[in-house]
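In the working numbering, the protein residues as written are 1016 to 1272. C-beta atoms are modelled at their ideal positions from N, C-alpha and C, and glycine is treated no differently. Structure, as structure tokens:
And the structure:
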């Protein structure tokens, strides 16, 4: 395929992915915004007023970046896992695999669609957060880069889950038993400096901790983790997950019968 043809193929997959969640925005965009609004009210206003400051910031201000990142993570993952498995279920993916489109381009299209949904939900949650707090971002470059890279990580993870899934029930196993616990234990609601040394070390095994803290640094200028370490972890996960996804598509695992 020529470069122009590859661009058209990528654009087609991306438009399909964006329209897929945009057409049903009431189901894809609104629910996470409402959920995060409840977190702002319950944890920020009600419980936060009893907790006091954290790292020199109001508790509400401290948790807002983590809650935005939580919404980004869950939605970028959910978009790709459901979309890719839907293509498997309806046998659309076979049409793409037998076409001249490189598998790397197929991955790029699905992942970019996941990033688009993650950013869309993140922006909406950020707008809602303005009703509860008055944040002044510390570093826009860190905020934007962290959102895009983190969305890419979980979009790739969602694609891999979609490859392995054999039923619609399978696409909810990882979010329920892996993603949700890791997110809640990823420093969204607290600083790991509050934990004993042993649990601080255990927390550093959680990759979401690095993503949340990098994003928090972009907003507040404070972080439990060095910024370079956060970017390194995110970069390693992107490379590893991309390699796995490409291998699975090249081998036809879970697709060829």
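- Taking 8 angstroms as the cut-off, the Cβ atoms of residue 1130 and residue 1091 count as close.
- Assigned with DSSP and collapsed to three states, residue 1069 falls in strand.
- Between residue 1168 and residue 1249, the C-beta spacing is below 8 angstroms.
- Linking residue 1074 to residue 1051 through their CA atoms gives a straight-line distance of about 15 angstroms.
- Note on residue 1082: 16 or more other CB atoms within 10 angstroms of its CB, so buried under the neighbour-count rule.
- Closest in alpha carbon position to residue 1186, among 1026, 1065, 1100, is 1100.
- By the Cβ neighbour-count rule, residue 1255 is exposed, with fewer than 16 other Cβ atoms within 10 Å of its own.
- Contact annotation: the stretch 1138-1149 does not touch the stretch 1184-1201, with fewer than three C-beta pairs closer than 8 angstroms.
- Between the stretch 1020-1033 and the stretch 1047-1065 there are fewer than three inter-stretch CB-CB distances shorter than 8 angstroms, so the stretches are not counted as touching.
- Going by beta carbons, residue 1175 and residue 1259 fall inside the 8 angstroms limit.
- Assigned with DSSP and collapsed to three states, residue 1147 falls in coil, not helix or strand.
- In the structure shown, the three-state DSSP call for residue 1202 is coil.
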